[in-house]
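**Q**
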């Protein structure tokens, strides 16, 4: 007859083995697991891990329409972020409209509801502290949902060059970037090297804010705002400080050599790219992925989106040709 102690020990082993098997079974490609989440986890907001390897708890949504912004590419469901990130975007939209004459923000990707790797696109945007903003001003009307999927942002570059087209750039775009950089929580703003050079060549007076504007591949039709790790996120991994230099010297000159644009030679022995698994992320991300969520988007949408009329069916984009800053002649 099996003793109660032995039976209890055997049951314990089976339970432990079952838990291990379940944990293994639940592991999988992180981008698929996080990309399938339609709502955030409930609880206190917390960014876990690094901007390009982490997740987000307690995320909130930016309303798809506000008094000075519209969210684009709604089908991606990427208008989620840390509450401080969403509040910053709403503040930037209002400030830029009231103080800089910018008609309104067209907001691209922020993060997925629970952060994490995305099925397509970005390597970063994983912890709710990144956001893309188009350099195309918001039109005078509301886009239809279909238009938000198909309207293209305008490149600021001159043809296939690395340089900004002077007919596309405007003082108002410089003012918008300066406004974004003025907030203490903003740590970096990524732009195309050509845009950084344009700023370096044209900004007069106070140039300290240029330190936050960093050149990077892409970003010729939008800029990328990144804020610091926020309080209440002990496992958020910060980047190195940007220093105090305006970034207009040798580091910028490097971008106008051949080196950054050379294609890497194909490897002699091709290796299948490694897929980031859930188990590769910080351990807390598995809990965030499986945590309960709200009943609806409305419960976790930050702020009050302005009540606006139904989107126009007019297919013309009605973008301002240029947007003057206050006091600037059109």
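Residue numbers (mature numbering (1 follows the signal peptide of the UniProt record, and there is no 0)): -25 to -1, 1 to 305.
Just so you know, even glycine gets a beta-carbon here, dropped at the ideal spot from N, CA and C.
It should be emphasised that the depicted structure is a prediction, and the values quoted were computed from it without experimental measurement.
So is residue 28 buried or exposed if we call it buried at 16+ other beta carbons inside 10 Å?
**A** Working through the chain shown from its first residue, we reach residue 28 at position 53. Under this definition residue 28 is a buried residue.
**Q** Can you list, in chain order, the residues of its chain with a C-beta nearer than 7 Å to that of residue 60? Leave out the 5 residues immediately preceding and following it.
**A** Looking up residue 60 in the chain shown gives position 85. Answer for residue 60: 85, 103, 104, 106, 202, listed in chain order.
**Q** Taking all protein chains shown into account, decide if residue 75 is buried (16 or more other Cβ within 10 angstroms of its Cβ) or exposed.
**A** For the purposes of this step, residue 75 is identified with residue 100 of the chain shown, where counting begins at 1. When all chains shown are included, residue 75 counts as buried.
**Q** Please report the distance separating the alpha-carbon of residue 9 from that of residue 46.
**A** Here residue 9 is taken as the residue at index 34 of the chain shown, counted from 1. Here residue 46 is taken as the residue at index 71 of the chain shown, counted from 1. Cα to Cα, the separation comes out at about 21 Å.
**Q** Helix, strand or coil, according to DSSP, for residue 272 in the structure here?
**A** Counted from its first residue, the chain shown places residue 272 at position 297. It is helical.
**Q** For residue 163, which of helix, strand or coil comes out of DSSP?
**A** On the chain shown, position 188 is the one that residue 163 refers to. Three-state DSSP puts residue 163 in a strand.
**Q** Less than 8 Å between C-beta atoms, sequence neighbours within five positions excluded: which residues of the same chain meet that for residue 94?
**A** Residue numbering aside, residue 94 sits at position 119 when the chain shown is read from its first letter. Contacts found: 6, 7, 10.
**Q** Going by other Cβ atoms of all chains shown within 10 Å of its Cβ, with 16 needed for buried, is residue 225 buried or exposed?
**A** Taking the first residue of the chain shown as position 1, residue 225 is located at position 250. It counts as exposed.
**Q** Would you mind giving the Cβ-Cβ distance between residue 168 and residue 227, rounded to the nearest angstrom? I have them listed as a contact below 8 Å.
**A** Here residue 168 refers to the residue found at position 193 of the chain shown. Here residue 227 refers to the residue found at position 252 of the chain shown. Contact holds; Cβ gap of about 7 Å.
**Q** Over what stretch of residues does the beta strand (DSSP E) that includes residue 108 continue unbroken?
**A** Working through the chain shown from its first residue, we reach residue 108 at position 133. Unbroken beta strand (DSSP E) run through residue 108: 105 to 109.
**Q** By a C-beta neighbour count over all protein chains shown, 10 Å radius and 16 as the cutoff for buried, is residue 122 buried or exposed?
**A** By one-based count along the chain shown, residue 122 stands at place 147. Buried is the call here.
**Q** Closest to residue 13 by C-alpha separation, out of 33, 64, 262, 87, would be which residue?
**A** Here residue 13 corresponds to residue number 38 of the chain shown, with the count starting at 1. When only C-alpha atoms are compared, the closest one is 87.
**Q** Would you report the Cα separation of residue 70 and residue 79, rounded to the nearest angstrom?
**A** Here residue 70 is taken as the residue at index 95 of the chain shown, counted from 1. Here residue 79 is taken as the residue at index 104 of the chain shown, counted from 1. So the alpha carbons of these two residues sit roughly 10 Å apart.
**Q** Have a look at 217, 240, 260 and flag the residue whose alpha-carbon is nearest the alpha-carbon of residue 1.
**A** As a position in the chain shown, residue 1 is number 26, starting the count at 1. That would be 260, whose Cα lies nearest to the Cα of residue 1.
**Q** Which residue's Cα is closest to the Cα of residue 20: 49, 90, 72?
**A** Sequence index remark: in the chain shown, residue 20 carries index 45 (1-based). Out of 49, 90, 72, 90 has the C-alpha closest to the C-alpha of residue 20.
**Q** Given a threshold of 16 other Cβ atoms within 10 Å of its Cβ, counted over all protein chains shown, does residue 284 qualify as buried or as exposed?
**A** For the purposes of this step, residue 284 is taken as residue 309 along the chain shown, with counting starting at 1. Here the model assigns residue 284 a pLDDT of 31, short of 50, so the residue's position is not dependable and the matter cannot be decided.
**Q** Quick one: using the 10 Å Cβ neighbour count with 16 as the cut-off for buried, is residue 39 buried or exposed?
**A** What you label residue 39 is simply residue 64 of the chain shown in a count that begins at 1. Under this definition residue 39 is a buried residue.
**Q** Provide the residue(s) that pair with residue 316 in DSSP beta bridges, ordered along the chain.
**A** Because the chain in this structure spans residues -25 to 305, residue 316 falls outside the shown range and cannot be described.
**Q** In angstroms, rounded to a whole number, what distance separates the CA positions of residue 132 and residue 193?
**A** Residue mapping note: residue 132 aligns to position 157 of the chain shown, counting from 1. Residue mapping note: residue 193 aligns to position 218 of the chain shown, counting from 1. Looking at the two C-alpha atoms, the distance is approximately 11 Å.
**Q** Which residue wins for smallest C-alpha separation from residue 126, given the options 33, 135, 114?
**A** For the purposes of this step, residue 126 is identified with residue 151 of the chain shown, where counting begins at 1. When only C-alpha atoms are compared, the closest one is 114.
**Q** Between the alpha carbons of residue 266 and residue 48, how many angstroms are there, rounded?
**A** Here residue 266 is taken as the residue at index 291 of the chain shown, counted from 1. Here residue 48 is taken as the residue at index 73 of the chain shown, counted from 1. Between residue 266 and residue 48, the C-alpha separation is close to 26 Å.
**Q** Our contact map puts residue 185 next to residue 3 with C-beta atoms below 8 Å; I'd like the distance itself, whole angstroms only.
**A** Working through the chain shown from its first residue, we reach residue 185 at position 210. Working through the chain shown from its first residue, we reach residue 3 at position 28. In fact, because the Cβ distance is near 43 Å, the residues do not count as touching under 8 Å.
**Q** Based on Cα-Cα distance, which residue from 204, 37, 52, 151 lies nearest to residue 216?
**A** By one-based count along the chain shown, residue 216 stands at place 241. Answer by Cα proximity: 204.
**Q** In terms of residue numbering, what span does the beta strand (DSSP E) encompassing residue 32 cover?
**A** Taking the chain shown and counting its residues from 1, the one referred to as residue 32 is at position 57. Taken as a continuous stretch (DSSP letters only), the beta strand (DSSP E) holding residue 32 covers 28 to 32.
**Q** Quick check on residue 189: buried or exposed, where buried means 16 or more other Cβ atoms within 10 Å of its Cβ?
**A** For the purposes of this step, residue 189 is identified with residue 214 of the chain shown, where counting begins at 1. Classification of residue 189: buried, given that the 10 Å Cβ count is 16 or more.
**Q** Going straight from the alpha carbon of residue 81 to that of residue 116, what length do you get?
**A** Here the question's residue 81 lines up with position 106 in the chain shown. Here the question's residue 116 lines up with position 141 in the chain shown. The alpha-carbon atoms of residue 81 and residue 116 are separated by roughly 12 Å.
**Q** Measuring CB to CB, does residue 163 end up less than 7 Å from residue 221?
**A** On the chain shown, residue 163 is found 188 positions in, with the first residue counted as 1. On the chain shown, residue 221 is found 246 positions in, with the first residue counted as 1. Result no, Cβ atoms of residue 163 and residue 221 do not sit closer than 7 Å.
**Q** Can you tell me whether residue 282 is helix, strand or coil according to DSSP?
**A** Within the chain shown, residue 282 is the residue found at index 307, counting from 1. In this prediction, residue 282 scores a pLDDT of 34, lower than 50, which makes its location untrustworthy; the coordinate-derived value is nonetheless stated afterwards. Residue 282 falls in the coil class under three-state DSSP.
**Q** What number of angstroms, rounded off, separates the C-alpha of residue 166 from the C-alpha of residue 191?
**A** For the purposes of this step, residue 166 is taken as the residue at position 191 of the chain shown. For the purposes of this step, residue 191 is taken as the residue at position 216 of the chain shown. If you take the alpha carbons of residue 166 and residue 191, they lie about 6 Å apart.
**Q** Just curious, the alpha helix (DSSP H) that residue 147 is in, first and last residue?
**A** Sequence index remark: in the chain shown, residue 147 carries index 172 (1-based). Note, residue 147: alpha helix (DSSP H), 146 to 156.
**Q** Could you give the C-beta distance for residue 257 and residue 17, rounded to a whole number, given that I count them as a contact under 8 Å?
**A** As a position in the chain shown, residue 257 is number 282, starting the count at 1. As a position in the chain shown, residue 17 is number 42, starting the count at 1. Residue 257 to residue 17, Cβ: 19 Å. No contact.
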